[in-house]
Each structure stands twice: as structure tokens, then as C-alpha cells.
Ligand code: A2G
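In this note's numbering, the protein residues as written are 9 to 529.
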């Protein structure tokens, strides 16, 4: 799945055949609006999709593998460029949105060789473009040298991934923006891995300590396949197909219409969880590994991760016999970690800053400086036991799910109905763990899951960050209508929804393609 981002010359290279006709007017309108607003045609369009996560929730920032897929909904950005004037100290970016009434235009002069300023305390849609710009520029300066002079850009954006809907509209926009800037500055061949890595780091500039799942799914995905993303030893992704089954399977994506805005709730939800799992890694390391063991600095948002602890634990508990410790399978390692976590992190009611600092042999101000200075959090107690148990059990479920898909005969499933039910069981366990251990569900998502399972879904669970947003359902294709009808009757009919929301509420989805540059023939 590595290699350059594809350059498409037709929408048939981007969307599945059934979606091309529906998408064509939107793309034509983007190009027509661009020509009207800027007075000349766009040179190219950069495109990156949203995603739905099938399994592996809230474990990407602990650097465990996840299995998302891209969806058809995406961010598309039309771009025209002009060279920057000789001797000019800055270059200029005009950013507009097709929904100009909702998303005000922005104009920025960026000093050549200087940084792109982003005020992450303000929630402005243009911050997402700027964060993609910032990441792409740092890569361009690194590649082309200090004399590199970025071009001026005119940019018109259209996104149809519902904002705040849990399908990663933000990663789609940041990734499409970074890709647009790379292509605008003459990078005709943009490496997928480089683009993903820069989009992951860029998105953190807008105030969320996120992992790398969304950007990876957005860039790497291939039509018809889920994407198995690993973060260690280096970022990698590979396509995973669902085997044909009887009854045939489909994915239903259902919105809860409960909006969880990460910029508002970060200190009590997402960013707090990042701090909790990082605390758990440091705590388990301090208690279980030989005194003085430092966790490796890695790509976790706070520079250490439960995966880093995991590796150090088996290294040290293998003593000098590293090979013997490594002979355990990944699944066996995770089962062992679940056991030792239960024995080590015994406090159900959480740990205070003082308790954690004491175990890490530091003062509370030192603890705060190390873990909570960049993204402050609001909590008095940190539920290390529950969070670590969620991460290890979820990482194990991802591997079991992958085994089912790739080696079904190893799992004892003897017919496809059993196989479908086994996939569904794992996804349902994810929902239970998200609800009870990670506490990232909400009553509305729990209700949606209940309704959908009762109507025939094999599994129903929240997808993405949670606390609202979206749910994903694995459904026998012949029950899709029944599930949709049950959700409409028992959930959506009780809400006041706009026509647009009604249309977006429940969507049957198949795995779609990742990022592309489109240049009209
Ligand atoms: O929650 C969000 O979608 C995160 N992305 C993603 O990295 C992952 O942690 C997910 C939960 O599994 C962003 O915050 C951009």
C-alpha cells in the first residue's frame, strides 16, 4: 500500500462505479465555483476521504494496530497557484469554502522560511488548512533546502464528511490540505507514508493529541478492502479483504447526532485519555520493569506508549533470554499483559496525581510538566486500570479479528454464519469495553447499538472517538433495511432532524479509496 498518492484523471479512478454519477455534479460545481470566485480555472483537485473504524478503538495513540476503512465521503480541494514575486518576503494563501456563509474565507501572508501560526485555542475551520500547510511546508523545506520559495495558492474546499460526526472530517481536510500544498509546490509524486506522517503531526497542532488511525485510513485505503494499520516499528498499512460470506455482509454507519467537539471536551475526554494511558505506561514500567528502566521515546503523542511498555516488559522479563520471551505470539503477550495489569493496577476508583508521582519518583509539578503541560486535562483521579485493560483487550481483539479475516480456518468457524457471528462478537465486545472500561460511549450510542442488534445486526458499536458521533454495524445484507427501519422508528423519529441530517443518518457503506490528486484530462 506504500508508494505515491495516485494521480487520477477521471472520477472513475476515485469512486466506486455506483458513486461516480452522484459525485460528478459536486466536482463540477466545485470547479465552476472556483472559476467564478477566483476568475480563472483551478489547476488540480486534492482529495482525501473520511473513515469508519471497524475495530481497534482508542488504541492508535498507544501505538497498537487498528483496522479502519475509508468511506466515500471526502474533502475535495480545488487549487490554483502562482509563483511568488521575486524578492517578496512572504507568500499568500486565499482559502474559501463552497459553504461560504457557514465557513468564512481567510487570507494569510506567510513569511518565506517562517512558521505558519495557528491559534489552537480558537476553533476556526481554516486552522485545519493551516495545519496541513504547516506540515507540508516543513517537509518541503527539508527536501528542497532553505532557498525554497513556496508558491501563492488559491484554494476552494468542499467537504461532505459530516463535521463532528465521528467520521473524521478533520483528518480528511488536514490530509487533503497537506496533499494540496505538496502538489502545488511541484511534488508530482507524493509518498503516501510521508503524507500520512506529516498529517498526523499536523493535526496535533489544532489541539488534539490524536493517534494516526484517521490519517492512515484516509491516505492508504484501497477500494473494497479494510486497512490494517501498524505504528511500530514504523508506520505501515496493508489491505485486508472480507471474504465472501453467506449471508453477505454490509456495513451500516449510523449517526447519533450527539456532537462531541474535541476542542471543547478534550480536557475531559480525548486528551485526558491520552494522559491516562501514558500514565499507565509509565506506572506499569516503574512497578514491573527493573529499577531505572526508561521507556523508549516513541511516536505516542506524549512520547511514550503502552506499546513501548509492552516491548520493554517482554524484553526484561525474558532476562538475557530475549529470544525466549519473543517466542510468545503477540496474542499471548497481550493475554499476559492483561493478567499483570489486573494484578498491578488494582485501584478501581483511580489514582491521584500524588499517587502516580510517588510511584514514578517525581514531584507533582514534575509530573504535570511531563504529562499535562501541552494539553491540560481536568481530572482529580486517573483510571489507569480500566484504561490499560481496555487498550490491551482491544489490541488483542484486533489481532483476533484479523486472524478471522485472513485465516478463518484457524478459528474453528466452520460455516460463514458462524464466521460472521464471530466477527460480530468481537466488535460487540469492543463496544462493551468502550462503554465500561474506556467510558467513551454515551447513552444515545448505547441505545443505537441495542436497537440495531435487536433488528438483526451481528454487531453494533461506536466508531471513532465516541462520546457521541457515529456508530458502525456489521449487518447481513438481507437485514440492512430492517436495521435502518428500526433505527428510524425507534431513534431518529424522536429527534428533530433537518432534511440533510435525515439523509446522512444511516448510510450503507463499502470500503472506499484513499487520497488522490485529480487533474482533468
Ligand atoms: O479517535 C479519533 O478519531 C482520533 N483522531 C483517532 O486517532 C483515534 O484515536 C480515534 C479513537 O480510536 C483524531 O482525534 C483526529
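Glycine is no exception: its CB is placed at the ideal position from the N, C-alpha and C atoms.
Query raised in the report: For the ligand A2G, is there a heavy atom less than 8 Å away from the beta-carbon of residue 436?
Result: no
Query raised in the report: If you measure from the CB of residue 66, is any heavy atom of the ligand A2G nearer than 8 Å?
Result: yes
Query raised in the report: DSSP three-state call for residue 177: helix, strand or coil?
Result: helix
Requested in this report: List the endpoints of the continuous alpha helix (DSSP H) containing residue 76.
Outcome: Not the alpha helix (DSSP H): residue 76 falls in the beta strand (DSSP E), residues 75-90.
Query raised in the report: Any heavy atom of the ligand A2G within a distance shorter than 8 Å of the CB on residue 221?
Result: yes
Query raised in the report: Relative to the C-alpha of residue 436, which residue among 175, 240, 465 is closest?
Result: 465
Query raised in the report: Between 18, 468, 449, which lies nearest to residue 457 when the distance is taken from Cα to Cα?
Result: 468
Query raised in the report: Does DSSP put residue 227 in a helix, a strand or coil?
Result: helix
**Report entry** the ligand A2G heavy atom lying under 8 Å from the CB of residue 149
**Finding:** no
Query raised in the report: For residue 202, which three-state DSSP category applies?
Result: helix
Requested in this report: Spell out a yes or no on whether the segment 117-126 and the segment 185-194 are touching, meaning 3 or more CB-CB pairs, one atom from each, closer than 8 Å.
Outcome: no
Query raised in the report: Does the segment 94-101 come close enough to the segment 215-229 to have 3 or more Cβ pairs within less than 8 Å?
Result: no
Query raised in the report: For residue 460, which of helix, strand or coil comes out of DSSP?
Result: helix
Query raised in the report: Among 340, 62, 165, 115, which one has its Cα closest to the Cα of residue 37?
Result: 165
Query raised in the report: Ordered along the chain, which non-local residues of its own chain (more than five positions away) have a Cβ less than 6 Å from that of residue 390?
Result: 284, 287, 358, 359
Report task. Check whether the Cβ of residue 216 lies closer than 8 Å to any heavy atom of the ligand A2G, and answer yes or no. Result -> yes
Query raised in the report: Got a sec: does the ligand A2G put a non-hydrogen atom nearer than 8 Å to the Cβ of residue 270?
Result: yes
**Report entry** Spatial distance of residue 249 from residue 76 (CA atoms)
**Finding:** 12 Å
Query raised in the report: When you compare only the Cα positions, how much space is there between residue 536 and residue 393?
Result: With the chain covering only 9 through 529, there is no way to say anything about residue 536.
Report task. With hydrogens ignored, establish whether the beta-carbon of residue 359 is closer than 8 Å to any heavy atom of the ligand A2G. Result -> no
Query raised in the report: Taking 8 Å as the cut-off, does the CB of residue 515 come closer than this to any heavy atom belonging to the ligand A2G?
Result: no
**Report entry** Beta-carbon proximity list for residue 529, same chain, < 8 Å, skipping 5 on both sides
**Finding:** 17, 18
Query raised in the report: On the premise that residue 476 lies in contact with residue 266, defined as a C-beta separation below 8 Å, what is that separation, rounded to the nearest angstrom?
Result: 3 Å
Query raised in the report: Secondary structure at residue 527, three-state DSSP: helix, strand or coil?
Result: coil
Query raised in the report: Which stretch, first to last residue, makes up the alpha helix (DSSP H) that contains residue 139?
Result: 134-152
Report task. Return helix, strand or coil for residue 263, following the three-state DSSP convention. Result -> strand
Query raised in the report: Using CA coordinates, which residue listed in 171, 196, 243, 194 is at the minimum distance from residue 205?
Result: 243
Query raised in the report: Comparing the CB of residue 408 with every heavy atom of the ligand A2G, is any distance shorter than 8 Å?
Result: no
Query - Unbroken alpha helix (DSSP H) run spanning residue 277, endpoints - result: Unbroken run through residue 277: none, as it is neither H nor E.
Query - CA nearest to the CA of residue 12, picked from 127, 196, 30, 513 - result: 196
Report task. Tell whether a beta-carbon distance below 9 Å holds between residue 292 and residue 314. Result -> yes
Query raised in the report: When the Cα of residue 22 is compared with those of 43, 50, 400, 54, which residue comes out closest?
Result: 54
Query - Distance between beta carbons of residue 462 and residue 487, contact taken as under 8 Å - result: Between residue 462 and residue 487 the Cβ distance is about 11 Å, and since that is not below 8 Å, they are no contact.
**Report entry** Start-end ranges of the beta strand (DSSP E) lying completely within the segment 479-523, minimum 3 residues
**Finding:** 514-517
Query raised in the report: Exposed or buried, what is residue 48 when buried is set at 16 or more other beta-carbons lying within 10 Å of its beta-carbon?
Result: exposed
Query - Proximity below 9 Å, CB of residue 175 to CB of residue 59 - result: yes
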